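Novice: Residue numbers (this note's numbering), protein chains in the order written: chain W, 3 to 257; chain Y, 3 to 265.
Okay, here's the structure, questions in a sec.
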């Protein structure tokens with residue numbers, strides 16, 4: 003009687019209307035607390051996969067369960083981090099973090115204590131009254147992360163959240179994300195274009211092929227935790243990055 | 003701080019150049035034709051002579067303009083919410099809203115007079131007709147152009163319809179609304195003046211600016227006509243300034259249009 007997996011997909015397919023299939027025959031599961039990265043060439047349906055799990059769009063076939071319940075179930079505890087920070091520009095940083103709580107009808111006192119704690123956690127404890135446009139791209143993404151964590155989700159779906167950031171900021175945020183995951187214990191699904199990022203963050207990497215998106219390869223990442231900036235200098239890490247790159251190249255069209 | 007100074011100085015410079023050019027053109031005309039283009043000085047003297055009358059007329063016109071403008075803001079807000087509901091609602095209603103906007107005021111004016119009587123009511127109604135279209139179009143566009151990711155975010159957190167409207171769509175539409183408001187503020191005084199020329203004066207003794215313009219024209223007092231035009235502009239500028247101030251206070255903290263240049 004093991005607990006139900008955090009995420010379980012069986013023979014899931016997705017097409018929009020009469021269009022070509024975007025995803026075909028995707029079966030996978032993620033255990034609670036696991037970090038899974040999804041890599042693949044452009045157009046392989048990585049983002050669609052996340053949106054399916056979030057319940058933002060229905061699957062065309064197959065079954066999709068989050069904590070044993072159908073995807074999109076109101077009781078599911080799922081948060082989503084978009085490619086862009088997607089903050090409400092007219093709200094302060096603090097109010098942005100509190101949006102999910104506000105929508106859920108949380109009391110003002112609870113909202114304030116949660117946002118203070120989370121802003122401290124992402125290193126923006128003193129920027130609560132700023133507006134999003136006064137922040138850098140990396141800071142905005144931190145706010146977006148804090149907002150995603152505001153309802154203490156058990157599953158976090160991240161759709162290339164650091165793709166637009168410079169290398170240094172991205173690496174630092176990777177480290178912070180892992181620390182947050184270690185402390186929060188949530189399950190993470192992380193879509194990315196960066197092999198290095200996927201290896202650094204994940205317990206397991208899924209490589210998708212494109213047209214239609216299919217599961218091409220599963221690569222376990224047995225690097226020890228905690229992972230820090232030092233990890234990126236380890237031979238094991240570098241070897242894995244090289245291996246995964248090769249796998250990815252095998253499914254990516256030339257050009 | 004050289005920047006704000008320059009921004010104040012530049013319109014003054016262009017204004018002075020314009021006045022010089024105007025005066026030059028007046029002097030260039032032969033004596034018997036100078037009445038066609040009264041000099042700035044003659045306009046100023048006409049203002050000195052008729053100023054009190056024109057200010058009273060401005061106050062009267064302002065009543066009609068503001069009443070119509072406010073009515074347009076109120077009605078357009080409700081109508082925009084309705085139009086933002088669905089594309090079918092929009093395609094059902096837009097052609098007729100456009101038809102209303104395309105009908106010239108002088109044609110609508112006598113109809114308004116039959117319906118609500120000459121004077122202030124007709125002027126307000128006609129100003130409403132001309133001011134509300136840019137408001138409806140802009141506000142509706144703002145309400146439906148909400149960032150798709152933000153809408154999905156709200157969906158993900160199971161926001162109710164009213165929450166999405168109140169916390170997301172309406173604030174996101176504010177910049178669009180203020181664009182419409184500025185256009186409406188600019189054309190409302192024009193609408194009111196044209197309405198006065200066709201449907202009787204706004205209110206009170208001496209009539210409005212439109213009425214005065216008709217009188218001065220019939221008396222061939224061209225300098226006074228120029229003074230009337232300038233006074234009408236003042237009304238438009240005042241309304242515009244009020245809208246700009248309102249827009250600044252609502253948007254400057256967060257909207258990119260007000261981003262500080264030192265960043």
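Ideal Cβ positions, reconstructed from N, Cα and C, are used throughout, including at glycine.
Predicted, not measured: the structure shown is a model, and the values here were computed from it.
1. On a CA-only basis, which of W:70, W:241, W:90 and W:153 is nearest residue 108 (chain W)? Give me that one, please.
2. For residue 50 (chain Y), count the other beta carbons within 10 Å of its own beta carbon; 16 or more makes it buried, fewer makes it exposed. Which is it?
3. Taking only beta-carbon positions, decide if residue 1 (chain Y) is within less than 8 Å of chain W.
4. Start and end of the alpha helix (DSSP H) containing residue 48 (chain W)?
5. Output, in chain order, the set of chain W residues within a Cβ distance shorter than 7 Å of residue 256 (chain Y).
6. Classify residue 254 (chain Y): buried if its beta carbon has 16 or more other beta carbons within 10 angstroms, exposed otherwise.
7. Ordered along the chain, which non-local residues of its own chain (more than five positions away) have a Cβ less than 6 Å from that of residue 180 (chain Y)?
8. Please return the same chain residues whose Cβ sits closer than 8 Å to the Cβ of residue 255 (chain W), not counting the five positions on each side in sequence.
9. Using the C-alpha atoms, what's the distance from residue 49 (chain W) back to residue 88 (chain W)?
10. For the region 100-118 of chain W, which residues have a CB atom closer than 8 Å to at least one CB atom of chain Y, in sequence order?
11. Select from Y:102, Y:9, Y:239 and Y:111 the residue whose C-alpha is nearest the C-alpha of residue 60 (chain Y).
12. Taking the alpha helix (DSSP H) that residue 31 (chain W) falls in, what are its first and last residues?
13. For the region 66-80 of chain W, enumerate the residues whose C-beta is nearer than 7 Å to any C-beta of chain Y, in chain order.
14. Report all residues from its chain with a CB closer than 8 Å to the CB of residue 24 (chain W); omit the five preceding and five following residues, and keep chain order.
15. If I follow the unbroken alpha helix (DSSP H) through residue 249 (chain Y), where does it start and stop?
16. What residues of chain W sit near residue 140 (chain Y), judged by a beta carbon separation below 8 Å?
17. Could you give the distance in angstroms between the alpha-carbon of residue 227 (chain W) and the alpha-carbon of residue 240 (chain W)?
18. Would you tell me roughly how many angstroms separate the C-alpha atoms of residue 253 (chain W) and residue 219 (chain W), rounded to the nearest one?
19. Residue 165 (chain Y) touches chain W at which residues, Cβ-Cβ below 7 Å?
20. Inspect the beta-carbon positions of residue 190 (chain W) and residue 160 (chain W) and report whether they are closer than 8 Å.
21. Whole angstroms are fine: how far does the CA of residue 201 (chain W) sit from the CA of residue 225 (chain W)?
22. What does residue 2 (chain W) reach in chain Y if we use C-beta pairs closer than 8 Å?
Specialist: Looking at the atomic coordinates:
1. For the purposes of this step, residue 108 (chain W) is taken as the residue at position 106 of the first chain. Measuring C-alpha to C-alpha distances from residue 108 (chain W) to each of W:70, W:241, W:90 and W:153 identifies W:153 as the nearest.
2. Residue numbering aside, residue 50 (chain Y) sits at position 48 when the second chain is read from its first letter. Residue 50 (chain Y) is exposed by the Cβ-count criterion.
3. Here chain Y covers residues 3 to 265 and nothing more, so residue 1 (chain Y) does not appear.
4. By 1-based counting over the first chain, the position of residue 48 (chain W) is 46. 48-56 is the span of the alpha helix (DSSP H), which, as asked, contains residue 48 (chain W).
5. Your numbering for residue 256 (chain Y) matches position 254 in the second chain. What residue 256 (chain Y) touches in chain W: 91, 92, 133 and 135.
6. Taking the first residue of the second chain as 1, we reach residue 254 (chain Y) at position 252. Around the beta carbon of residue 254 (chain Y), fewer than 16 other beta carbons lie within 10 angstroms, which makes this residue exposed.
7. Position 178 of the second chain, counted from the start, is the residue given in the question as residue 180 (chain Y). Short of 6 Å from the beta carbon of residue 180 (chain Y), and not among the five residues preceding or following it, lie these beta carbons of its own chain, in chain order: 249.
8. Residue mapping note: residue 255 (chain W) aligns to position 253 of the first chain, counting from 1. Here the set comprises 43 and 212.
9. What you label residue 88 (chain W) is simply residue 86 of the first chain in a count that begins at 1. What you label residue 49 (chain W) is simply residue 47 of the first chain in a count that begins at 1. If you draw a straight line from the Cα of residue 88 (chain W) to the Cα of residue 49 (chain W), it comes to about 16 Å.
10. For the region 100-118 of chain W, the set of positions with a beta-carbon nearer than 8 Å to some beta-carbon of chain Y reads 101, 102, 104, 105 and 106 in chain order.
11. Taking the second chain and counting its residues from 1, the one referred to as residue 60 (chain Y) is at position 58. Measuring from the Cα of residue 60 (chain Y), the nearest candidate turns out to be Y:239.
12. In the first chain, the residue the question calls residue 31 (chain W) occupies position 29. Element bounds for residue 31 (chain W): not the alpha helix (DSSP H) but the beta strand (DSSP E), 23-32.
13. Listed in sequence order: 76.
14. For this step, residue 24 (chain W) is matched to residue 22 along the first chain. Non-local C-beta neighbours of residue 24 (chain W) in its own chain, meaning closer than 8 Å and more than five positions away in sequence, comprise 16, 17, 18, 47, 50, 214 and 215, ordered along the chain.
15. In the second chain, counting from the first residue as 1, residue 249 (chain Y) sits at position 247. Per DSSP, residue 249 (chain Y) belongs to the alpha helix (DSSP H) from 224-253.
16. One-based indexing of the second chain puts residue 140 (chain Y) at position 138. Listed along the chain, the chain W residues whose CB falls inside 8 Å of the CB of residue 140 (chain Y) amount to none; the nearest CB is some 17 Å away.
17. Here residue 227 (chain W) corresponds to residue number 225 of the first chain, with the count starting at 1. Here residue 240 (chain W) corresponds to residue number 238 of the first chain, with the count starting at 1. CA-CA distance, residue 227 (chain W) to residue 240 (chain W), rounds to 16 Å.
18. Start at 1 with the first residue of the first chain, and residue 253 (chain W) comes out as number 251. Start at 1 with the first residue of the first chain, and residue 219 (chain W) comes out as number 217. Inter-residue distance for residue 253 (chain W) and residue 219 (chain W) is about 10 Å (C-alpha atoms, whole angstroms).
19. The sequence position of residue 165 (chain Y) within the second chain is 163, counting from 1. Within chain W, the residues near residue 165 (chain Y) are 105.
20. Here residue 190 (chain W) is taken as the residue at index 188 of the first chain, counted from 1. Here residue 160 (chain W) is taken as the residue at index 158 of the first chain, counted from 1. Yes. Within cutoff.
21. Residue numbering aside, residue 225 (chain W) sits at position 223 when the first chain is read from its first letter. Residue numbering aside, residue 201 (chain W) sits at position 199 when the first chain is read from its first letter. Residue 225 (chain W) and residue 201 (chain W) have their C-alpha atoms some 9 Å from each other.
22. Residue coverage of chain W in this structure runs from 3 to 257, which leaves residue 2 (chain W) outside it and unanswerable.
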